[in-house]
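*Asks:* Quick one: the structure is below, and I'll ask about it shortly.
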Amino acid sequence: MKHLQRMMLIIILLPLMLPTARPLAAAPFSGRTGFADPRFETIWTRTDSEAVRSGRTWYWGPGPWFDYAEYYADSPNGLRTVQYFDKARMEINNPTDGTVTNGLLVVELVSGQIQAGDFSRSNFRCADVPVAGNPRSANLIAPSYCQFTDRATFPDLYRPAYRDPERLKQRVSTTIDINGNLGERPDLARPETTIVQYSTITGHNIPQVFWDFMNRRGKVFENGRVTTGPIVDWLFAMGYPITDPYWVRAVVGDAERDVLVQLFERRVLTYTPDNPAGYQVEMGNVGQHYFQWRYPHLGMPWAAPDPVTPLIYASNIDTGSYWELYRANFNGGGQRITFNNNETVAYSWLRSWNPNRQMLAVDSRREQPVYRQVYLLNSVAASDGEQASAATATRISSVDMRDLWYYPGGPDELISKTVNEFNPMVSPDGTRLLVISERVDRPDLMLWSIADTNSLTIPSRLTRDQPACHYETPAWSPDGRRIYWVSDCDGYFAIYSAEPSYRPYSLRNNLVGFIAELSNIRKLSTQNANDRFARVSPDGKQIAFASDRDGNWEIYVMNSDGSNVRRLTNHPATDDAPTWSPDGRQLAFASDRDGDFEIYILNVSDGTITQQVTQNTAQDRWPLWTQ
37 MKHLQRMMLI IILLPLMLPT ARPLAAAPFS GRTGFADPRF ETIWTRTDSE AVRSGRTWYW
97 GPGPWFDYAE YYADSPNGLR TVQYFDKARM EINNPTDGTV TNGLLVVELV SGQIQAGDFS
157 RSNFRCADVP VAGNPRSANL IAPSYCQFTD RATFPDLYRP AYRDPERLKQ RVSTTIDING
217 NLGERPDLAR PETTIVQYST ITGHNIPQVF WDFMNRRGKV FENGRVTTGP IVDWLFAMGY
277 PITDPYWVRA VVGDAERDVL VQLFERRVLT YTPDNPAGYQ VEMGNVGQHY FQWRYPHLGM
337 PWAAPDPVTP LIYASNIDTG SYWELYRANF NGGGQRITFN NNETVAYSWL RSWNPNRQML
397 AVDSRREQPV YRQVYLLNSV AASDGEQASA ATATRISSVD MRDLWYYPGG PDELISKTVN
457 EFNPMVSPDG TRLLVISERV DRPDLMLWSI ADTNSLTIPS RLTRDQPACH YETPAWSPDG
517 RRIYWVSDCD GYFAIYSAEP SYRPYSLRNN LVGFIAELSN IRKLSTQNAN DRFARVSPDG
577 KQIAFASDRD GNWEIYVMNS DGSNVRRLTN HPATDDAPTW SPDGRQLAFA SDRDGDFEIY
637 ILNVSDGTIT QQVTQNTAQD RWPLWTQ
């Protein structure tokens, strides 16, 4: 009998000469198709570059489409760099050792446990995502990862490891349906499905058709040249099998098909006899599946253009005494979208590749006239207004902050009372909010989780150990590794940056979460003047802000490290509150240069005013275009 035995594998990746030059990127909403790290490109190029692929099936996918710094307890600051491809995810847990892995994504999808560190997990729920074929909305018949949970091998404190008996030389005819029921289809027991390997490590059988694919040889790019060898090291790329192979019925394209599937620790293999030769066995779209599970609010970046956000601004044109929100029509005015008895001001977007999941984060006095509170307006409200059918505005601020904690008895400062909470900045992955909160009788920078996302972050007061200053206008770097804010700790408002550092916290029911802290705090402003309204560009390279350093409020930009400060406006009026266009080439800002505040647009390259967006006798302020 043939058995698979355990082996240890460490991959150390060395820089290679690449056949094509690709831009690096570290931003999920700007240039997301570039590689976040050259080590990722090295692995992708080895198997999937056109120099070697020659029309064969993808092992990773046509290219990356999302990168971020995700939580991982054993990485520096509790963050690791990850990048998603159709077929998998690459990750670097420790940037200094040169090791790239691709994660136990299938184990997480089946078990419902996110690997939060080398030895820690956070429980959510198994993934209701089809293991083969189209997404669920166009594939109502295929079983999801949940249907394999009771037939898969993964670490579980509450049950023994599941194992299948050895079935060497038998053909695969067992089916599994969308309800998890097993059946038999003798007509599918083809010769190529004969079991030829049995893993004694996990207790599962591998058919000939998959074993041949795992050990296939072909062209690869190594050491700066094209050569021939094993296309993948299957243990590195796939891991051990965690289920036996099963036939499923799935919608693939526009037709129902029989597909043989087998789940491995890192990948899913599929065999579709109806496919053309060379594409009958393929890596399943595990990267897409995992992204849909972990970020259900972000849509499908592999199938959609970058999100487009409208220009929103606040105006008193219809109220006379308080701000309501308007969607700019670029014809001198805008469409009113909020209708309340007290002010509402927009601050950030939860951007999504699914337009129906895009939300607008605002602070408003609509329920408590004395207090600003944080709300999320859904896509209907942000597009058609709060009076439209299906429009919603969900209050995120909680009277009792302990409601937001996942364990009894949170810290004493998170007391039960209504307070001012404002400037809600959504993280680029849409799972967290940076918020200014006066819960301890001073404006502090806090980090919250957003409901209905797989965020592991416990609400944290980030500036608890900082001076009792006024904090305002937080911002994120696009990769989630730095945050920015403004405070008056030195007697004038200045721009600061820091790295969020996450440490694990054991919760009840064996859950693990992360508490956030600030590390490597830097003051970016160098003038004894007021610098306010800091906003980070979509690519993370620049900060736009308003400053009175030259005698009156003007618009400036600088590099994200505080260098290369450039003044963009030069007018005796007040210019403030800049916000970036989605492509990072323009800024919208407010100015009273015509006698009352209006919204204008300028080019970042040279400061040229290209458009006056509003034109009326009211006060139009606080524009928001993108993050």
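For any residue, its number in this note's numbering is found by taking its place in the sequence shown, counting from 1, and adding 36. Don't be surprised by glycine CBs; every beta carbon is placed ideally from N, CA and C. Keep in mind it's a predicted model, so treat the numbers as computed, not measured.
At which residue ranges does the region 575 to 630 contain complete beta strand (DSSP E) runs of 3 or more residues, listed in the order of the chain?
*Replies:* Runs of the beta strand (DSSP E) inside the region 575 to 630: 578 to 583, 590 to 595, 611 to 616 and 622 to 627.
*Asks:* For the alpha helix (DSSP H) holding residue 156, just list the boundary residues, first then last.
*Replies:* Position 120 of the sequence shown, counted from the first residue, corresponds to residue 156. Careful: residue 156 lies outside any alpha helix (DSSP H), inside the beta strand (DSSP E) at 156 to 159.
*Asks:* For residue 331, is the classification buried or exposed, using 16 other Cβ atoms within 10 angstroms of its Cβ as the cut-off for buried?
*Replies:* The residue given as residue 331 occupies position 295 in the sequence shown. It counts as buried.
*Asks:* Any idea what DSSP makes of residue 251, helix, strand or coil?
*Replies:* As a working note, residue 251 is residue 215 in the sequence shown. In this structure, residue 251 counts as coil in the three-state DSSP scheme.
*Asks:* In terms of residues, what are the limits of the alpha helix (DSSP H) holding residue 418?
*Replies:* Reading the sequence shown from its first residue, position 382 is the one you call residue 418. Note, residue 418: alpha helix (DSSP H), 415 to 420.
*Asks:* For the alpha helix (DSSP H) containing residue 79, list its first residue and its last residue.
*Replies:* Within the sequence shown, residue 79 is the residue found at index 43, counting from 1. 74 to 84 is the span of the alpha helix (DSSP H), which, as asked, contains residue 79.
*Asks:* Count the C-beta pairs between the region 397 to 416 and the region 368 to 383 that are closer than 8 Å, then say yes if the count reaches three, no if not.
*Replies:* Touching, yes.
*Asks:* Could I get the ranges of all uninterrupted beta strand (DSSP E) runs contained in the region 83 to 123, with 3 residues as the minimum, in chain order?
*Replies:* 102 to 107 and 115 to 120, all fully within the region 83 to 123.
*Asks:* Confirm, please, whether the CB-CB distance from residue 141 to residue 124 is below 8 Å.
*Replies:* Against the sequence shown, residue 124 aligns to sequence position 88. Against the sequence shown, residue 141 aligns to sequence position 105. Yes.
*Asks:* Take residue 320 and list the residues in its own chain whose beta-carbon comes closer than 8 Å to its own, dropping the five residues that flank it on each side.
*Replies:* Locating residue 320 in the sequence shown gives position 284, counting from the first residue. These residues qualify, in order along the chain: 123, 167, 168, 297, 303, 304, 305 and 306.
*Asks:* Can you pull the DSSP bridge partners for residue 536?
*Replies:* One-based indexing of the sequence shown puts residue 536 at position 500. Beta-bridge pairing links residue 536 to 554.
*Asks:* Should residue 173 be labelled buried (16 or more other beta-carbon atoms within 10 Å of its own) or exposed?
*Replies:* Within the sequence shown, the letter at position 137 stands for residue 173. Under this definition residue 173 is an exposed residue.
*Asks:* With a cut-off of 8 Å on the beta carbons, I'd call residue 180 and residue 164 a contact; round off their distance for me.
*Replies:* As a working mapping, residue 180 is identified with position 144 in the sequence shown. As a working mapping, residue 164 is identified with position 128 in the sequence shown. That pair is a contact at about 5 Å.
*Asks:* Touching or not, the region 257 to 266 and the region 216 to 227, by the rule of three or more beta carbon pairs under 8 Å?
*Replies:* No: fewer than three Cβ pairs fall under 8 Å.
*Asks:* I need the boundaries of the beta strand (DSSP E) containing residue 272, first residue and last residue.
*Replies:* The sequence position of residue 272 within the sequence shown is 236, counting from 1. Per DSSP, residue 272 belongs to no beta strand (DSSP E); it is in the alpha helix (DSSP H), 270 to 273.
*Asks:* Quick one: what's residue 261 bridged to in DSSP?
*Replies:* Counting from one through the sequence shown, the residue named residue 261 turns up at place 225. DSSP, once it has assigned bridges, lists 258 as partnering residue 261.
*Asks:* Do three or more CB pairs link the region 623 to 633 to the region 311 to 330 at distances below 8 Å?
*Replies:* As far as the Cβ criterion goes, the region 623 to 633 does not touch the region 311 to 330, which means the pair count is below three.
*Asks:* On the DSSP letters alone, give me the boundaries of the alpha helix (DSSP H) that residue 323 sits inside.
*Replies:* Your numbering for residue 323 matches position 287 in the sequence shown. Residues 322 to 330.
*Asks:* Could you tell me the distance, in whole angstroms, from the CA atom of residue 182 to the CA atom of residue 336?
*Replies:* Taking the first residue of the sequence shown as 1, we reach residue 182 at position 146. Taking the first residue of the sequence shown as 1, we reach residue 336 at position 300. Rounded to the nearest angstrom, the two C-alpha atoms are 21 Å apart.
*Asks:* Would residue 455 pass as a contact of residue 383 if the rule is Cβ separation under 8 Å?
*Replies:* Taking the first residue of the sequence shown as 1, we reach residue 455 at position 419. Taking the first residue of the sequence shown as 1, we reach residue 383 at position 347. Their beta carbons are not under 8 Å apart, which means residue 455 does not touch residue 383 by this criterion.
*Asks:* Between the region 567 to 578 and the region 512 to 519, can you find at least three pairs of beta-carbon atoms closer than 8 Å?
*Replies:* Enough Cβ pairs lie closer than 8 Å, so yes.
*Asks:* Evaluate residue 666 with the Cβ neighbour count: other Cβ atoms within 10 Å of its Cβ, from every protein chain shown; 16 or more gives buried, anything less gives exposed.
*Replies:* Nothing can be reported for residue 666: it is not among the residues displayed for the chain, which extend from 37 to 663.
*Asks:* What is the DSSP secondary structure of residue 167, counted as helix, strand or coil?
*Replies:* As a first step, residue 167 must be located in the sequence shown, where it is residue number 131. If DSSP states are grouped into helix, strand and coil, residue 167 belongs with coil.
*Asks:* Can you have a look at residue 463 and say buried or exposed, based on whether 16 or more other CB atoms are within 10 angstroms of its CB?
*Replies:* Mapped onto the sequence shown, residue 463 falls at position 427. Residue 463 is buried by the Cβ-count criterion.
*Asks:* Relative to the alpha-carbon of residue 657, which residue among 632, 281 and 101 has its alpha-carbon at the smallest distance?
*Replies:* Counting from 1 along the sequence shown, the entry for residue 657 is found at position 621. Comparing Cα positions, the closest option is 632.
*Asks:* From the DSSP output, in three-state form, read off residue 520 for me.
*Replies:* Start at 1 with the first residue of the sequence shown, and residue 520 comes out as number 484. Strand at residue 520.
*Asks:* Within the continuous alpha helix (DSSP H) that includes residue 141, where are the two ends?
*Replies:* Here residue 141 is taken as the residue at index 105 of the sequence shown, counted from 1. Note, residue 141: alpha helix (DSSP H), 141 to 147.
*Asks:* Whose CA, out of 540, 506, 538 and 550, lies closest to the CA of residue 532?
*Replies:* Position 496 of the sequence shown, counted from the start, is the residue given in the question as residue 532. Residue 532 has its Cα closest to that of 506, out of 540, 506, 538 and 550.
*Asks:* How many angstroms separate the CA atom of residue 250 from the CA atom of residue 268?
*Replies:* Start at 1 with the first residue of the sequence shown, and residue 250 comes out as number 214. Start at 1 with the first residue of the sequence shown, and residue 268 comes out as number 232. Their Cα atoms are separated by approximately 7 Å.
*Asks:* For residue 184, which of helix, strand or coil comes out of DSSP?
*Replies:* For this step, residue 184 is matched to residue 148 along the sequence shown. Helix.
*Asks:* With a CB to CB cut of under 6 Å and the five nearest residues on each side skipped, what residues in its chain are close to residue 651?
*Replies:* On the sequence shown, residue 651 is found 615 positions in, with the first residue counted as 1. Taken in chain order, the residues that qualify are 368.
*Asks:* First and last residue of the beta strand (DSSP E) that includes residue 569?
*Replies:* Reading the sequence shown from its first residue, position 533 is the one you call residue 569. Residues 567 to 572.
*Asks:* By DSSP, does residue 378 sit in helix, in strand, or in coil?
*Replies:* Taking the sequence shown and counting its residues from 1, one reaches residue 378 at position 342. The answer is coil: DSSP assigns residue 378 none of H, G, I, E or B.
*Asks:* Out of 465, 202, 360 and 197, state which residue places its alpha-carbon closest to the alpha-carbon of residue 385.
*Replies:* Taking the first residue of the sequence shown as 1, we reach residue 385 at position 349. Among 465, 202, 360 and 197, the Cα nearest to that of residue 385 belongs to 465.
*Asks:* Grab me the residues of residue 563's own chain with a C-beta within less than 6 Å of its C-beta, minus the 5 sequence neighbours each way, in chain order.
*Replies:* Along the sequence shown, read from residue 1 onward, the residue named residue 563 stands at position 527. Taken in chain order, the residues that qualify are 585.
*Asks:* If you compare alpha carbons, which of 79, 471, 126 and 143 is closest to residue 484?
*Replies:* For the purposes of this step, residue 484 is identified with residue 448 of the sequence shown, where counting begins at 1. The shortest Cα separation from residue 484 among 79, 471, 126 and 143 belongs to 471.
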